[in-house]
Structure formats: structure tokens, C-alpha cells
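A.B. asks: Here the sequence shown stands for residues -19 to -1, 1 to 193, where the numbers follow mature numbering (1 follows the signal peptide of the UniProt record, and there is no 0).
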Amino acid sequence: MLLLSMSTLAGAMVVLTLAAIFFPDPPCPLEEDRCGFAFCEVCMKEAPFACSACKTTRYCSTQCQGADWRNHQRSCKLHRKLHDLNDRIALTPPKRPPVGECTGCKVGASQGGRLAMCKDCGYQACGSCESHHSRGTCYCPNSNFGKKYCQMEPRWYHTNGRGRPYSGDRHPEAFGGVYAANIYEQTPRACDNCGVVTKVFKKEYRDPWVWH
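1. Is it a yes or a no for the stretch 15 to 29 touching the stretch 132 to 152, going by three-plus beta-carbon pairs under 8 angstroms?
2. Quick one: Cα of residue 191 to Cα of residue 48, how far?
3. Bridge partners for residue 98 per DSSP, in chain order?
4. Report the residue from 175, 181, 176 whose alpha carbon sits nearest the alpha carbon of residue 155.
5. For residue 1, which residues of its own chain have a beta-carbon under 8 angstroms away from its beta-carbon, when the five flanking residues on both sides are left out?
6. Thinking just about the alpha-carbon of each residue, which of 142, 45, 27, 81 is nearest to the one in residue 9?
7. Could you have a look at residue 151 and say whether DSSP puts it in helix, strand or coil?
8. How many angstroms separate the CA atom of residue 40 from the CA atom of residue 185?
9. Per DSSP, residue 146 forms a beta bridge with which residues?
10. Are residue 175 and residue 131 close, meaning C-beta to C-beta below 9 angstroms?
11. With respect to the beta strand (DSSP E) encompassing residue 48, which residues constitute its N-terminal and C-terminal limits?
12. Quick one: residues in its chain with C-beta nearer than 8 angstroms to the C-beta of residue 95, no 5 flanking neighbours on either side, listed in chain order?
13. So, for residue 123: in the same chain, excluding its five sequence neighbours on each side, which residues have a beta-carbon less than 8 angstroms away from its beta-carbon?
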């Protein structure tokens, strides 16, 4: 009886293993994620979609996701844990930086001259870092040195300074012209960032890479 039970269990394990190999669970749905530029895991084309489970691995289409699913399925849960950890780090407000030192390059005020300071988060930037956008983005999640992101044309460096991109509404002022009417939603509403009632960009036009 014991031998029979063990052999039956072993056979069942083999069947389950083969089923997992030849009939894997279907891929998780893709979700649009155009906050940053990324390449497809399979074909290296621009990848505007992410696996909705791990939110990390990027694809250009459901076809490429399906082709990669057997490989990705094994690491999807680990990617999700890493994504959640990075999210917690990105959302944790950093300590207020020390006064008199550029937060980006650490040059002192006496060495680099004037330092611009964000009064809200305390981030400071010297003259060179003010124009170097990856280091001159302050720690505020919805603005940069007091200028609200919703009032600015989308750019890849509009983040909280710790890798978390701004993804809210946009209604920038058009300098030197006007934006096409089809860029905006049809009905004015309250901006989810500043509260001003106005026409805001459609979701697809919040993507920074549309403007490059």
C-alpha cells in the first residue's frame, strides 16, 4: 500500500510538472505605462505596456508578452516584490537636505556661488545643477522648485527626485503658440493637481515621449 501510494504521488507530481510546462497559466493582462521610455523584453522596440502583475517587465504588444511568458512566469513574483520595495523607497519622503550644499553634486555654497532652494522640501541646486534636470528636480512629487508639473509640458525628469514620475493632469501654458484642440479632453474639469477648473490633456498626451 505504501509503495503504491508513493508511486501514485510521484506520478501525480510528474503530471503536474508536465502540465505546468506545456499548459502554463495564461499571461497577466498588460497595462499601459508611458511614464518612462523602455524597451520590449522580446524585440527591443519601444514598450508602452507593462506586465500588470510585476509592473516591471515591459512589452510592445500582447504577442511579445505571449512569446516571453514561459520565461517571465518564473520570475514575475520576484519582480513584483522588487517593484513594491522600490515603490516604498520612492514614496518615502527623504530627510530635508543640509543647508548650504547643493543636493545634486554636493558643492558648497562658497564654492558654487548661489544656491536655489525649494522652500517646500529644502532641495538646493547650484547653477550647473539647475540646468541639469536629472539632478535639479527637487523632492516634491507634484512640482519642481515651486512650479507645478501640471502647468508644464510633460518631460521625463518630472519626478519626485527619487525615481517616482509625475502622472497627474496637465494643462500647460502654450508659449509661442497654442496646443491643438484634439490634445485636450472635451469638457473642462478640476485639475487633480492644482484644482483649477480647465481643459486638461488627454491621458495619451501626458506621456513625456510624445513631446520628443
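Quick reminder that beta carbons are idealized off the backbone N, C-alpha and C, glycines included.
Just so it is clear, the structure is predicted and the values come from calculations on it, not from any experiment.
C.D. replies: The short version:
1. yes
2. 28 angstroms
3. 105
4. 181
5. Bear in mind that the predicted position of residue 1 carries a pLDDT of just 48, short of 50, making it unreliable; the figure below should be weighed with that in mind. Contacts found: none.
6. 45
7. coil
8. 17 angstroms
9. 140
10. yes
11. Segment 43 to 72 is the alpha helix (DSSP H) holding residue 48; no beta strand (DSSP E) there.
12. 107, 108
13. 129, 130, 131, 147, 149, 174
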